[in-house]
Amino acid sequence: MTTAIEVNCATGEVTERPLTTEELAQREADAAVFAATKHEEEVAAAEAAIAKAALLTKLGITADEAKLLLA
Amino acid sequence: MPNTFTKIASVTVGSGGSSSLDFTSIPQTYTDLCLKISTRDNAASVQNNIIFKINGVTTSQSLRYLLGNGSGPSSVSDTPIYFASNANNSTSNTFSNIEVYIPNYASTSVNKSVSVDSVSENNATAAYAQLTAGLYASNTAITSISITGNGGSSFLQYSTATLYGIKNS
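Those protein sequences? They're chains A and B, same order as listed.
Mapped onto this note's numbering, the consecutive letters of the first sequence carry residue numbers 165 to 235.
Mapped onto this note's numbering, the consecutive letters of the second sequence carry residue numbers 107 to 275.
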């Protein structure tokens, strides 16, 4: 799917072309940033879940009981 | 709708998908531009952002947006201009609804505002509604516009984009 659909608004001509070398490089860079960001989010979510479970254990209550306290 | 609203060009993605949808050689004969977009891309998530390129690049762009995602609102300042669209984990066969409006796009003496109203459809709690105030801080006339999926994703079949020109008289 590394193609671009290009429409020339002056002529109405629609062409499908391969991405240029520059566009491919940008696409790969974008994908790398996206993957890194997603990994960071997953790590942060996992750490938050571990911290939450540890706190509940420390308090000696369940997650449902914690919700009752905050309701 | 007033008769000053004219379709310039439209594109629909075929079965092979596409990484980018480009409008080039935009006529400089209108007052404003309006781009209507309905997209779904192949990213493995409910929502993915569309990156907006003006004259082939994302430089000189910035934005502030208000976002509702089904769990909480947020307000963000960022660069470049981007907005929410459906990705491949959203409800099957649903597509985003997006409108981009650019007044005075042909001006060579003022910066350009880029206002975006975007919604990613999803039959679940996580669905995105985003209002974006974008700025293209350049007095260069806009002659081309491109949209690409964030993270190297590609638009799926039946995604569409239609560019309209608006005259004020």
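Where is the CB? At the ideal position from N, CA and C, for every residue including glycine.
Computed from a predicted structure; not experimentally measured.
Exercise for the section: Please look up how many angstroms separate the CB atoms of Pro-182 of chain A and Thr-166 of chain A, rounded, as I've assumed it's under 8 Å. Expected result: 7 Å
Exercise for the section: Put Ile-225 of chain A into one of helix, strand or coil per three-state DSSP. Expected result: coil
Handout entry: Cβ-based burial, Gln-134 of chain B [other Cβ within 10 Å; buried from 16]
Key = exposed
Handout entry: Exposed unless 16 or more other CB atoms sit within 10 angstroms - verdict on Leu-172 of chain B
Key = exposed
Exercise for the section: Spell out whether any CB of chain B is found under 7 Å from the CB atom of Ile-169 of chain A. Expected result: yes
Exercise for the section: Check whether the stretch 193-200 of chain B touches the stretch 139-150 of chain B, counting contact only when three or more Cβ pairs, one atom from each stretch, lie closer than 8 Å. Expected result: yes
Problem - Sequence-distant residues of its chain with Cβ nearer than 6 Å to Leu-141 of chain B (five each side left out) - result: Val-206, Leu-269
Handout entry: Cβ-based burial, Ala-115 of chain B [other Cβ within 10 Å; buried from 16]
Key = buried
Problem - Check: Ala-199 of chain A C-beta below 6 Å from any heavy atom of the ligand COA - result: With respect to small molecules bound, the structure shown includes none, and the ligand COA cannot be examined in it.
Exercise for the section: Taking only beta-carbon positions, decide if Gly-178 of chain B is within less than 7 Å of chain A. Expected result: no
Practice task
Taking only runs that begin and end inside the stretch 124-175 of chain B, name each unbroken beta strand (DSSP E) of 3 or more residues, in chain order.
Solution key: 126-130, 138-144, 153-160, 167-174
Handout entry: Interface partners of Thr-166 of chain A on chain B, CB under 7 Å
Key = Ser-125
Practice task
May I ask you to list, following chain order, the residues of the stretch 188-204 of chain A that have a beta carbon less than 7 Å from some beta carbon of chain B?
Solution key: Arg-191, Glu-192, Asp-194, Ala-195, Phe-198
Problem - Cutoff 7 Å: Leu-234 of chain A Cβ touching any chain B Cβ - result: no
Handout entry: chain B residues whose Cβ lies nearer than 9 Å to that of Ala-174 of chain A
Key = Thr-130, Ser-131, Ile-132, Pro-133
Exercise for the section: Count the CB pairs spanning the stretch 156-169 of chain B and the stretch 246-253 of chain B that are closer than 8 Å, and state whether there are at least three. Expected result: yes
Problem - Assumed close pair Gly-240 of chain B, Gln-167 of chain B - CB separation to whole angstroms, cut-off 8 Å - result: 7 Å
Exercise for the section: From the DSSP output, in three-state form, read off Leu-233 of chain A for me. Expected result: helix
Exercise for the section: Can you tell me which of B:Thr-112, B:Val-119, B:Lys-113, B:Phe-111 puts its alpha carbon nearest to the alpha carbon of Ile-253 of chain B? Expected result: B:Val-119
Practice task
Would you mind sorting Gly-75 of chain B into buried or exposed? The rule is 16 or more other CB atoms within 10 Å of its CB.
Solution key: Residue 75 of chain B cannot be examined here, being either before or after the span of chain B that is shown, 107 to 275.
Handout entry: Val-222 of chain B beta carbon less than 7 Å from that of Ile-208 of chain B
Key = no
Problem - CA-to-CA distance, Ile-214 of chain A to Ala-267 of chain B, given in whole angstroms - result: 44 Å
Practice task
Would you give the residue range spanned by the beta strand (DSSP E) that Gly-271 of chain B belongs to?
Solution key: 266-272
Practice task
Leaving out five residues on either side along the sequence, give the residues of the same chain with a beta carbon under 8 Å from the beta carbon of Thr-231 of chain B.
Solution key: Gly-176, Ser-177
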